[in-house]
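Asker:
Protein chains: 2
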Amino acid sequence: MPHEVLRQAKQEFLDWDGSGFSMLETPFTGDAFKKVLHQARDDLRELLNIPDNYRILFMHGGASAQFSLVPLNLLGSARSVDHIDTGYWSSKSLREARRYCKVHVAASSADSQYDHMPENWKLSPESAYCHFTSNETANGVQFHQIPETGGVPLVVDMTSDFLSRPLDVSRYGLIYASAQKNVGPAGVTVVIVRDDLLGKAHPATPTVFNYAAQAEADSMLQTPVTFSVYLAGLVFRWLRQQGGIATMEQNSLRRSSSLYQVIDDSNGFYCCPIQHGHRSHMNICFSTTNDTLAPVFLSEATSEGLMYLKGHPVMGGMRASLYNAMPDTGVMALIEFMRSFAEAHRYDI
Amino acid sequence: MPHEVLRQAKQEFLDWDGSGFSMLETPFTGDAFKKVLHQARDDLRELLNIPDNYRILFMHGGASAQFSLVPLNLLGSARSVDHIDTGYWSSKSLREARRYCKVHVAASSADSQYDHMPENWKLSPESAYCHFTSNETANGVQFHQIPETGGVPLVVDMTSDFLSRPLDVSRYGLIYASAQKNVGPAGVTVVIVRDDLLGKAHPATPTVFNYAAQAEADSMLQTPVTFSVYLAGLVFRWLRQQGGIATMEQNSLRRSSSLYQVIDDSNGFYCCPIQHGHRSHMNICFSTTNDTLAPVFLSEATSEGLMYLKGHPVMGGMRASLYNAMPDTGVMALIEFMRSFAEAHRYDI
Numbered sequence: 113m114p115h116e117v118l119r120q121a122k123q124e125f126l127d128w129d130g131s132g133f134s135m136l137e138t139p140f141t142g143d144a145f146k147k148v149l150h151q152a153r154d155d156l157r158e159l160l161n162i163p164d165n166y167r168i169l170f171m172h173g174g175a176s177a178q179f180s181l182v183p184l185n186l187l188g189s190a191r192s193v194d195h196i197d198t199g200y201w202s203s204k205s206l207r208e209a210r211r212y213c214k215v216h217v218a219a220s221s222a223d224s225q226y227d228h229m230p231e232n233w234k235l236s237p238e239s240a241y242c243h244f245t246s247n248e249t250a251n252g253v254q255f256h257q258i259p260e261t262g263g264v265p266l267v268v269d270m271t272s273d274f275l276s277r278p279l280d281v282s283r284y285g286l287i288y289a290s291a292q293k294n295v296g297p298a299g300v301t302v303v304i305v306r307d308d309l310l311g312k313a314h315p316a317t318p319t320v321f322n323y324a325a326q327a328e329a330d331s332m333l334q335t336p337v338t339f340s341v342y343l344a345g346l347v348f349r350w351l352r353q354q355g356g357i358a359t360m361e362q363n364s365l366r367r368s369s370s371l372y373q374v375i376d377d378s379n380g381f382y383c384c385p386i387q388h389g390h391r392s393h394m395n396i397c398f399s400t401t402n403d404t405l406a407p408v409f410l411s412e413a414t415s416e417g418l419m420y421l422k423g424h425p426v427m428g429g430m431r432a433s434l435y436n437a438m439p440d441t442g443v444m445a446l447i448e449f450m451r452s453f454a455e456a457h458r459y460d461i
Numbered sequence: 113m114p115h116e117v118l119r120q121a122k123q124e125f126l127d128w129d130g131s132g133f134s135m136l137e138t139p140f141t142g143d144a145f146k147k148v149l150h151q152a153r154d155d156l157r158e159l160l161n162i163p164d165n166y167r168i169l170f171m172h173g174g175a176s177a178q179f180s181l182v183p184l185n186l187l188g189s190a191r192s193v194d195h196i197d198t199g200y201w202s203s204k205s206l207r208e209a210r211r212y213c214k215v216h217v218a219a220s221s222a223d224s225q226y227d228h229m230p231e232n233w234k235l236s237p238e239s240a241y242c243h244f245t246s247n248e249t250a251n252g253v254q255f256h257q258i259p260e261t262g263g264v265p266l267v268v269d270m271t272s273d274f275l276s277r278p279l280d281v282s283r284y285g286l287i288y289a290s291a292q293k294n295v296g297p298a299g300v301t302v303v304i305v306r307d308d309l310l311g312k313a314h315p316a317t318p319t320v321f322n323y324a325a326q327a328e329a330d331s332m333l334q335t336p337v338t339f340s341v342y343l344a345g346l347v348f349r350w351l352r353q354q355g356g357i358a359t360m361e362q363n364s365l366r367r368s369s370s371l372y373q374v375i376d377d378s379n380g381f382y383c384c385p386i387q388h389g390h391r392s393h394m395n396i397c398f399s400t401t402n403d404t405l406a407p408v409f410l411s412e413a414t415s416e417g418l419m420y421l422k423g424h425p426v427m428g429g430m431r432a433s434l435y436n437a438m439p440d441t442g443v444m445a446l447i448e449f450m451r452s453f454a455e456a457h458r459y460d461i
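As they're listed, the protein sequences go chains A and B. Just so you know, we're using the numbering used here here: the first sequence kicks off at 113 and counts up by one. Just so you know, we're using the numbering used here here: the second sequence kicks off at 113 and counts up by one.
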């Protein structure tokens, strides 16, 4: 999370807006919290230029809950959905959807170890929607172009690159993103859903996880995750002050390009398995050509204060995550370390 | 929440345990957070003397989600459940359960406007469990004795009096409590479930809301509400430092008795509709005999810094909530105000 936001939250931690109370204790039924939630929603609408026929929900449960809640809410009378299989997270969402209906894999890059995002989607006209994952954090691959899908509603898990680049919301039926990457702290999940997709929930859907019911109740059908919504609102406000989403896109392009450059210029010392044009601007996954150097790299990086560089357990190697709150100085320090490390170990490959 | 806890959380807000990171940003997959979660779980087990054959889960979704998740997880092959109807919250849980199965109302105090907790429960042997609400926040009524239920597992929504009095966990099949009363901030719900009730989930249960799956994954099947779990852990630690649950019970008895005394000694100026022996030690609901004085009471109380005294919208009147974190000084100030107000308006009834 941005340091400015954390500092503000700390400053008003015991006394929010002169109320004498902590936002942690403010009742969600009072005007104070409602104002916070509405401001957050309106700021998000402005940041992403979200059309009026889309509802913005702040839900409990994380993105993994949405893996179930999307089919429960959107399947309606359809019996199948389309999924695009692009790596670790899309596989998880696909497996969960299979618990509710037939899943047609409309495109997959599994055969090439998820080294790119598939462009040729074979959609089924009878499917309720087509689900994909915009950015795969474990694999380091990201969609930079979305194929036309005609009338099939697009549903996207945008958890890991939400708010990192401009977005034409009108192309989507539903967008969901849990907060803990670019929005704020874990606990709240943003759901942006087109009006006409509401009202089809399966009878077994828990009422508090029914999109239509939460849209009707302004995301306050039960106590929302108040502190997370408040912090998300501070992040949205910070984003606007930074110049909005366009600035975030410039930042992530600049930072990710610099890191990929170090990898590509390392004469094979580092390697990134992802095809050019499909590489993630959020999660730069790479390894040392000599596998045995990876633990040395991680250990030395930690000593230098460069934390959380270990790759996802299923992938191994290294991963640099460049979420919005990452400052340029952090990226610069990593680049310097990577160059020094490669220089120091250039005879070890 | 206790001021000591809020102060500690503020102090380490930007630098948790010397890590240089905020707990808001600490990844749940790292050892630091796992230690926090395990400590919270172990402290809770010790506070309530929870037997080994019970699992402690920290779940997303709030207590209202449990209204659906309990039948989804526990119904199994049974086709009915028993519910005790005691007021606003039990009615909500009952309505939600009806979406999943036949609900047999085994006891109800609706006929007497929920002025007591029914003692004569007519349980159905074929029901999967019997659900009740230990304390009704809107009505101000609380169970002080639980009837014997034989072999039928007892399921209790303990959200509003959890950790306020000692508890024989072995009498229950499942206990749930969302955090925002006595545990911590909204976002996390504690579920304590007996081992043998796991593994019966309905196929439509979202995986992240499957008790057995979360028990297996140590409540980390998806990113937990990390900051809420951390704060809950601080509250559990604070409770131990205060002398544990017995101290909380003494506090709530002392504070609630003092308030009820003011009401009962007011010569009919104030009235509490709840029968003696059934009155809540957490939520003291009362009104002025002259209805027109209620808005005056609330307005003058607010001017004196006595906040959040408005009764639940469905009940009207006034309500003083005495959750664990409420200090004696707050109760004393309210008592003094109530006496002065009654004195000033004694001719207005």
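The beta-carbon is built from N, C-alpha and C at its ideal position, and this holds for glycine as well.
1. Which residues in the same chain as F100 of chain A place their Cβ atom closer than 7 Å to its Cβ, once the five residues preceding and following it in sequence are excluded?
2. Comparing alpha-carbon positions, which option in B:N395, B:D143 and B:G130 lies nearest D273 of chain B?
3. What separation, rounded to the nearest whole angstrom, lies between the Cα atoms of L149 of chain B and I375 of chain B?
4. Excluding sequence positions up to five away, which residues of its chain have a Cβ less than 8 Å from the Cβ of I461 of chain B?
5. Leaving out five residues on either side along the sequence, give the residues of the same chain with a beta carbon under 7 Å from the beta carbon of W350 of chain A.
6. Would the region 233-243 of chain B count as touching the region 259-267 of chain B if we require 3 or more Cβ pairs under 8 Å?
7. Give me the subset of the region 415-429 of chain B whose CB atoms are less than 9 Å from a CB atom of chain A, sorted by chain position.
8. Whose Cβ in chain A lies nearer than 8 Å to the Cβ of K122 of chain B?
9. At a CB-CB cut-off below 8 Å, which residues of chain B make contact with F339 of chain A?
10. Since L187 of chain A is in the beta strand (DSSP E), which residue starts that stretch and which ends it?
11. Among residues of its own chain, excluding the 5 on either side of Q292 of chain B, which ones have a beta-carbon nearer than 6 Å to its beta-carbon?
12. Is the Cβ-Cβ distance between E361 of chain A and S276 of chain A less than 8 Å?
13. Thinking just about the alpha-carbon of each residue, which of B:L206, B:R207 and B:H195 is nearest to the one in N232 of chain B?
14. Based on DSSP bridge pairs, tell me the residues matched to S290 of chain A.
15. According to DSSP, is H228 of chain A part of a helix, a strand, or is it coil?
16. Have a look at A:G296, A:G262 and A:Q257 and flag the residue whose alpha-carbon is nearest the alpha-carbon of P278 of chain A.
17. Are the CB atoms of A144 of chain B and S131 of chain B within a distance shorter than 8 Å?
18. To the nearest angstrom, how far is it from the Cα of T137 of chain B to the Cα of L126 of chain B?
19. Hey, quick one: how far does the alpha helix (DSSP H) through T245 of chain A stretch, first residue to last?
20. With distance defined between alpha-carbon atoms, name the residue in A:R366, A:L309, A:P425 and A:G423 nearest to I447 of chain A.
21. What residues in the region 384-408 of chain A bring their beta carbon closer than 9 Å to a beta carbon of chain B?
22. Any heavy atom of the ligand MG closer than 7 Å to the CB of Q292 of chain A?
23. Report the rounded CA-to-CA distance for E238 of chain A versus L169 of chain B, giving the unit in angstroms.
24. H216 of chain B lies in the alpha helix (DSSP H); which residues open and close that run?
25. Put H469 of chain B into one of helix, strand or coil per three-state DSSP.
26. Can you give the Cα-Cα distance for L228 of chain B and F398 of chain B, rounded to whole angstroms?
27. 8 Å is my cut-off, CB to CB: does S180 of chain B come that close to chain D?
28. Is the beta carbon of E248 of chain B less than 8 Å from the beta carbon of G199 of chain B?
29. Using a Cβ-Cβ cutoff of 7 Å, what residues of the region 160-181 of chain B are near chain A? List them in chain order.
30. DSSP state of L279 of chain B, grouped into three classes?
31. Return the CA-CA distance between Q120 of chain B and K234 of chain A, expressed in angstroms with no decimal places.
32. If the cut is a Cβ gap below 7 Å, which residues of chain B does Q292 of chain A touch?
33. With 16 other CB atoms within 10 Å as the buried threshold, where does E208 of chain A fall?
34. Using Cβ-Cβ distances below 9 Å, what residues of the region 185-198 of chain A are close to chain B?
35. Comparing alpha-carbon positions, which option in A:M444, A:P425 and A:R458 lies nearest W201 of chain A?
36. Quick one: list the residues of chain A neighbouring M113 of chain B, beta-carbon separation under 9 Å, in chain order.
Answerer: On the basis of the data shown:
1. Past the edges of chain A, shown from 113 to 461, lies residue 100 of chain A, and the structure says nothing about it.
2. Here residue 273 of chain B refers to the residue found at position 161 when the second sequence is read from its first residue. Scanning B:N395, B:D143 and B:G130 for the CA closest to the CA of D273 of chain B turns up B:N395.
3. Along the second sequence, one-based indexing puts residue 149 of chain B at 37. Along the second sequence, one-based indexing puts residue 375 of chain B at 263. Using only the alpha carbons, I get a separation of about 42 Å.
4. Indexing the second sequence from 1 puts residue 461 of chain B at position 349. Excluding positions up to five away in sequence, the list reads G380, F381, T400, T401, N402 and L405.
5. Working through the first sequence from its first residue, we reach residue 350 of chain A at position 238. Taken in chain order, the residues that qualify are P114, E116 and V117.
6. Touching, yes, given that three or more Cβ pairs across the two stretches are closer than 8 Å.
7. Result list: G417, M419, Y420 and P425.
8. The residue given as residue 122 of chain B occupies position 10 in the second sequence. Within chain A, the residues near K122 of chain B are K122, F125 and L126.
9. Taking the first residue of the first sequence as position 1, residue 339 of chain A is located at position 227. The answer, in chain order, is P297, A298, G299, F339 and S340.
10. What you label residue 187 of chain A is simply residue 75 of the first sequence in a count that begins at 1. Per DSSP, L187 of chain A is not a residue of any beta strand (DSSP E), being assigned neither H nor E.
11. Locating residue 292 of chain B in the second sequence gives position 180, where the first residue counts as 1. Scanning its chain for C-beta atoms nearer than 6 Å, with the 5 sequence neighbours on each side dropped, one finds around Q292 of chain B the residues A298, in chain order.
12. Within the first sequence, numbered from 1, the residue matching residue 361 of chain A stands at position 249. Within the first sequence, numbered from 1, the residue matching residue 276 of chain A stands at position 164. Yes.
13. The count along the second sequence starts at 1 and reaches residue 232 of chain B at position 120. From the listed residues B:L206, B:R207 and B:H195, the smallest Cα separation to N232 of chain B is found for B:H195.
14. One-based indexing of the first sequence puts residue 290 of chain A at position 178. Answer by DSSP bridge pairing, in chain order: A:T301.
15. The count along the first sequence starts at 1 and reaches residue 228 of chain A at position 116. If DSSP states are grouped into helix, strand and coil, H228 of chain A belongs with coil.
16. Here residue 278 of chain A corresponds to residue number 166 of the first sequence, with the count starting at 1. By alpha-carbon distance to P278 of chain A, the top candidate from A:G296, A:G262 and A:Q257 is A:Q257.
17. As a working note, residue 131 of chain B is residue 19 in the second sequence. As a working note, residue 144 of chain B is residue 32 in the second sequence. Yes.
18. Position 25 of the second sequence, counted from the first residue, corresponds to residue 137 of chain B. Position 14 of the second sequence, counted from the first residue, corresponds to residue 126 of chain B. Sequence check: residue 137 of chain B is Glu here, not Thr. Those two C-alpha atoms are separated by around 10 Å.
19. Walking along the first sequence from the start, residue 245 of chain A turns up at place 133. Per DSSP, T245 of chain A belongs to no alpha helix (DSSP H); it is in the beta strand (DSSP E), C242 to T245.
20. On the first sequence, position 335 is the one that residue 447 of chain A refers to. Closest by alpha carbon: A:R366.
21. So the list is empty, because no residue satisfies the distance condition.
22. What this structure holds is no ligand at all, so the ligand MG is not there to describe.
23. In the first sequence, counting from the first residue as 1, residue 238 of chain A sits at position 126. In the second sequence, counting from the first residue as 1, residue 169 of chain B sits at position 57. Approximately 39 Å, taken between the alpha carbons.
24. As a first step, residue 216 of chain B must be located in the second sequence, where it is residue number 104. H216 of chain B -> not in any alpha helix (DSSP H); beta strand (DSSP E) instead, spanning K214 to S220.
25. This structure gives no information on residue 469 of chain B, because the portion of chain B shown stretches from 113 to 461.
26. Locating residue 228 of chain B in the second sequence gives position 116, where the first residue counts as 1. Locating residue 398 of chain B in the second sequence gives position 286, where the first residue counts as 1. The question names Leu, yet the displayed sequence has His at residue 228 of chain B. Distance between the alpha carbons of H228 of chain B and F398 of chain B is about 14 Å.
27. Among the protein chains of the structure shown, namely A and B, there is no chain D.
28. Here residue 248 of chain B is taken as the residue at index 136 of the second sequence, counted from 1. Here residue 199 of chain B is taken as the residue at index 87 of the second sequence, counted from 1. For E248 of chain B and G199 of chain B, yes; Cβs fall inside 8 Å.
29. Those would be H172, G173, G174, S176, A177, S180 and L181, in chain order.
30. Against the second sequence, residue 279 of chain B aligns to sequence position 167. In this structure, L279 of chain B counts as coil in the three-state DSSP scheme.
31. Position 8 of the second sequence, counting from 1, holds the residue named residue 120 of chain B. Position 122 of the first sequence, counting from 1, holds the residue named residue 234 of chain A. Roughly 55 Å separates the two Cα atoms.
32. By one-based count along the first sequence, residue 292 of chain A stands at place 180. The answer, in chain order, is T335.
33. Within the first sequence, the letter at position 96 stands for residue 208 of chain A. A residue is called buried once 16 or more other Cβ atoms fall within 10 Å of its Cβ, and E208 of chain A is buried on that count.
34. Within the region 185-198 of chain A, no residue has a Cβ that lies closer than 9 Å to any Cβ of chain B.
35. Here residue 201 of chain A refers to the residue found at position 89 of the first sequence. Closest option to W201 of chain A, Cα to Cα, is A:P425.
36. Residue mapping note: residue 113 of chain B aligns to position 1 of the second sequence, counting from 1. Within 9 Å Cβ-Cβ: S134, L136 and E137.
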